[in-house]
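Counting from 769, one number per residue, gives the positions in the sequence shown under my numbering. Reviewing the structure listed below.
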Amino acid sequence: MPMQAKMLYMRKTPGESAAILYLLTAGFVLFPTQWMGELFTKNHMLSQMLGLGLVRILFAAVMIVLALEMGIRHVFFVQKGEWKALLFAIPALVVAVNNLPIIALANGSAFLTGNGLSFFAFAIECIGVGLFEETAFRGVIFPFVLGKTGTGKKGRFIAVIVSNAMFGCLHLVNLLGGFSGGVFLQVGYSFLIGSMLAICMFRGAGVLTCAFIHATFNFCGNIISNVRGLGFGAFSDVWCWQEILLTAVVGVAAIVYFVWLLYTSKPDVAEKFAVYPPKKEKPENFGTLTDTVPDHNADTSAENVCKTSDGQSDGSKIESNIERADDGQQNQIK
């Protein structure tokens, strides 16, 4: 037996519900994570990566349950008959892979130093973060924002911008670990990457596809990390002029492509998962749109309107009063 959604009331006000879900997501992000990793290893760095990944996977499961309870469907997998959406998402995967410092690794100015266990723990971290953030933002918040803005050409652009401005600003919580200009850079590219994945989602790629691309982006971009002990490379070596040029070309091409894709895509797929307020029905006895009410309430209301306490209709009573008034006037004239 399919599960019955129990939180459909969240659909009545998509904008407000998106804000509530955003705050819930922020709370999940601030939740401590390293304790989970310490259940498996006492190594500080390994426990940090494992804990972050595993806790994020658990919270992704919570968001999936919430999505189902709120009646959100057709978001997690590629929809039937929409396999072309995977082809349209390939440029997003190219952007993710380009986050790897290819040139620095190729010329030897950057190199890997981690062992298999550290790379495994880092992969778990990337998978967990990608799955949670895509489930929360592309799978839950984005459909609610679409329900507020609509899937028309103007509405879809607003939905992408608003939901990913929220996504980018969420990364400001990293300032709690100390002020760093890199945090604001992270906010900027999170907005861009999130927008790219939201467009893939609009086209029908599904949350799991977006999560895979997100995890790939994080893995490739942080694999040369002195902090995690995975690799080594000076900033000037990693971001040499060739790498900057390559990233700029790929970035500009991606922006043009995804703006075109969002503008030209039909809204059919997005209409299946956009969270609109419940439709209102038109009762037979009234001429205005109202929420559906039980039949006995409608009948009672109609009876109260049409009948007086002595069983006469209002119209008949008024008519008899007029006749009596006319008789009185005639008697006075006589």
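Glycine included, every Cβ here is placed at the ideal spot set by N, Cα and C.
Counting only runs that start and end inside the region 969–1051, the beta strand (DSSP E) elements of at least 3 residues fall at 999–1001.
Within the DSSP bridge table, the entry for Leu880 names Gly999 as partners. With respect to the C-alpha of Ala966, the residue from Leu998, Gly1019, Leu940, Ala1038 having the closest C-alpha is Ala1038. Note that the region 981–991 touches the region 892–904; at least 3 beta-carbon pairs, one per stretch, sit closer than 8 angstroms. Judged by DSSP in its simplified three-state form, Gln816 adopts helix. Counting only the Cα atoms, Leu960 lies some 10 angstroms from Ala1022.
When secondary structure is reduced to three states using DSSP, Gln847 falls in the coil class, being assigned neither helix nor strand. A residue is called buried when at least 16 other Cβ atoms come within 10 angstroms of its Cβ; Ser815 meets this threshold and is buried. For Tyr790, the uninterrupted alpha helix (DSSP H) segment begins and ends at 782–798. Within the region 885–950, the runs of alpha helix (DSSP H) at least 4 residues long that lie entirely inside it are, in chain order, 910–917, 921–938. By the neighbour-count criterion, in which a residue is buried when 16 or more other Cβ atoms sit within 10 angstroms of its Cβ, Val863 is buried. Between Ile991 and Leu868 a beta carbon distance of about 7 angstroms is seen, short of the 8 angstroms cut, so the two are scored as contacting.
For the set Val1020, Lys1040, Ala872, Val1006, the Cα lying nearest the Cα of Thr919 is the one of Lys1040. For Val830, same chain residues with a beta-carbon under 7 angstroms away, outside a window of 5 residues either side, do not exist. Note on Gly1001: 16 or more other CB atoms within 10 angstroms of its CB, so buried under the neighbour-count rule.
Going by DSSP, Gly805 is part of the alpha helix (DSSP H) stretching over 802–805. Only residues of its own chain outside the window of five on either side were considered, and among them Leu965, Ala966, Met969, Val975, Cys978 have a CB closer than 7 angstroms to the CB of Arg906, listed in chain order. When rounded, the separation of the alpha-carbon atoms in Asp1005 and Leu1013 is 14 angstroms. Val1027 and Gly999 have their alpha carbons spaced roughly 35 angstroms apart. Per the C-alpha coordinates, the member of Phe887, Leu798, Lys1047 positioned closest to Gly945 is Leu798. Residues of the same chain with a CB within less than 6 angstroms of the CB of Ala983, apart from the 5 flanking positions on each side, are Cys894, Ile895, Gly898 in chain order. If you look at Phe856, you'll find it in the alpha helix (DSSP H) that goes 852–856. Less than 8 angstroms divides the Cβ of Leu834 from the Cβ of Val908. Non-local beta-carbon contacts of Ala872 in its own chain, meaning distances under 6 angstroms to residues more than five positions away in sequence, involve Ala878, Gly1001, Asp1005, Val1006 in chain order. For Ala927, the closest alpha carbon among the candidates Gly1019, Met775, Ala786, Tyr777 is that of Ala786.
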